[in-house]
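Down below is the structure, laid out as structure tokens.
Numbering (the UniProt record's numbering), first residue to last: 1 to 290.
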């Protein structure tokens, strides 16, 4: 990179890892060199219409430069026209985007510790167990009792405490760890109640543990995890370094979704310098959705 704020001439204008590496190689091989920048500030990409190369590759092909020193990606198209040394670093395609702000607290954020599928299963189990308890109480003779009413004359009635409403009330009370005033008497209803108690113990323990994690750790949802995620959405426009290997990858990709930013209407998402691209990502001023 070029030193900023220094009035220097020649090779002293540049600094960085590649510059230090070139100095070591020149010292061992015994040659002298003069550094200069590529006029178009590009690494080198082949124009699909004309077939001409630009950037560093074009300088080497036209023999305007003897060697090139840069963090340049090795690919098949470039190897067909120029030679590369052994790479000093291997990296894949990375995605740089602005970290989204934390999500605002919503009205039903207390449901976040468990997935929506879990809540639906709990609701289904709540309804199923309530009706199962009601049916078991109806068929079991131990849940029926005789009550005496005196209204002019004595009347004996058979009553069952587990009606439909009371069955739901019993299940609700046990789920919230509160008493309902209803106690199963038959073995069958006690088994149903015991299974429900164990189920609620597991659910509430898991919910409490996850809720504590949600309240103490701020979770940032990353909308983009891979290049496929970029291609699957249309809200965020994405670009690459103009004339770089990543741009060539998107241009020749077999997946049509990757070719979207190469269209002429989205030329503004490409940048000629890495520092400008980083600034664009930080400020997100390409367009409202970038």
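Ideal Cβ placement from N, Cα and C applies to all residues, glycine included. Treat the numbers as computed from the prediction; the structure is a model and nothing was measured.
- In this structure, residue 224 sits away from residue 56, with a CB-CB distance that is not shorter than 8 Å.
- The C-beta separation of residue 176 from residue 161 comes to about 20 Å, leaving the pair out of contact by the 8 Å criterion.
- Across the set 271, 7, 114, the C-alpha of 271 shows the shortest separation from the C-alpha of residue 238.
- Between residue 53 and residue 66, the alpha-carbon positions lie close to 17 Å from each other.
- For residue 88, no alpha helix (DSSP H) run applies, since DSSP gives it neither H nor E.
- Distance between residue 64 and residue 13, taken at the CA atoms: about 20 Å.
- Residue 37 sits in coil when the DSSP states are folded into three classes, being neither helix nor strand.
- Nearest C-alpha to residue 90 among 115, 77, 73, 16: 73.
- Within the model, the alpha-carbon separation for residue 213 versus residue 136 is close to 40 Å.
- Counting along the chain, no alpha helix (DSSP H) covers residue 242, and no H or E run does either.
- Here residue 282 is exposed. Its C-beta has fewer than 16 other C-beta atoms within 10 Å.
- Burial of residue 242 is indicated by the presence of at least 16 other C-beta atoms within 10 angstroms of its C-beta.
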